[in-house]
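The structure appears right after this line, and notes come after that.
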Amino acid sequence: MSVIEKEFNVRDLRYIIRSANEKDAQSLSEVRVQIDGETENMDREKGEAYIDESGFKQLIKEDIERAHNLFLVCEIKGSIVGFSRCEGKLLKREFHKAEFGVCVLKDYWGYGIGTNLLKETIKWADSTEIKKITLNVLETNEKAIMLYKTMVLKKKEY
15 MSVIEKEFNV RDLRYIIRSA NEKDAQSLSE VRVQIDGETE NMDREKGEAY
65 IDESGFKQLI KEDIERAHNL FLVCEIKGSI VGFSRCEGKL LKREFHKAEF
115 GVCVLKDYWG YGIGTNLLKE TIKWADSTEI KKITLNVLET NEKAIMLYKT
165 MVLKKKEY
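Numbering-wise, my numbering comes out as the position in the sequence shown, counting from 1, plus 14.
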């Protein structure tokens, strides 16, 4: 699924949030590895669960084709600095659910990029049959937990 490109200006930083396209694949692969090395807030370490350019092309293609998937990128002056992905469930009894993930390069923390990626995802989900967005967050990632609480996301443990 795709969304309309949207421009943001936060603390004199102009950025665009838009749907990912196959031309983004190589950059996404590089940015993901960089982000994984910049923080311990991710569920993986740098280079772990590596996705190469062709892997990202396949993900993007699937996400464009599936009505319950959304892949967004945040771009500044033509460079990707963050992204989010929402993957809907395929089983009929879970069709109303989707799993969300987001990451942003450390140099761009504090500009509302993660918040705006999440807000755009929620807006998109409201226009679909998705009623529940799930995510995993490390308990040490206090900034993310605060963001999710302000967005009125509820904690659920199993």
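No residue lacks a Cβ here, since even glycine has one placed at the ideal position from N, Cα and C.
Inset, instruction - Provide the residue span of the alpha helix (DSSP H) that contains ASP71, from first to last. - result: Residue identity differs from the one stated: residue 71 is Lys in this sequence, not Asp. Here the alpha helix (DSSP H) through LYS71 covers 67-79.
Legend entry - CA-to-CA distance, LEU149 to TYR172, given in whole angstroms: Confidence is the limiting factor: at TYR172 the pLDDT is only 39, short of 50, which leaves the residue's position unreliable and the question unanswerable from this model.
Inset, instruction - Count the other C-beta atoms from every protein chain shown that fall within 10 angstroms of the C-beta of ALA34, then say buried if there are 16 or more, exposed otherwise. - result: buried
Legend entry - Burial state of ASN23 (16 or more Cβ within 10 Å): exposed
Inset, instruction - For the stretch 32-72, list the beta strand (DSSP E) runs that are entirely contained and at least 3 residues long, ordered along the chain. - result: none
Legend entry - Counterpart residues of PHE22 in DSSP-defined beta bridges: TYR29
Legend entry - Reference LEU161; option with closest CA among LEU132, ARG25, PHE97 and ASP66: LEU132
Legend entry - Boundaries (first-last residue) of the beta strand (DSSP E) holding LYS146: 146-148
Inset, instruction - Report the option in GLY126, ILE65 and LYS60 whose CA atom is closest to the CA atom of ILE31. - result: GLY126
Inset, instruction - For ARG25, I'd like the list of residues in its chain whose CB is within less than 7 angstroms of its CB, leaving aside the five on either flank, ordered along the chain. - result: TYR125
Inset, instruction - Count the other C-beta atoms from every protein chain shown that fall within 10 angstroms of the C-beta of TYR64, then say buried if there are 16 or more, exposed otherwise. - result: exposed
Legend entry - Element boundaries [beta strand (DSSP E), containing LYS111]: 111-118
Legend entry - Rounded Cβ spacing between THR135 and LEU86 (contact assumed at less than 8 angstroms): 7 angstroms
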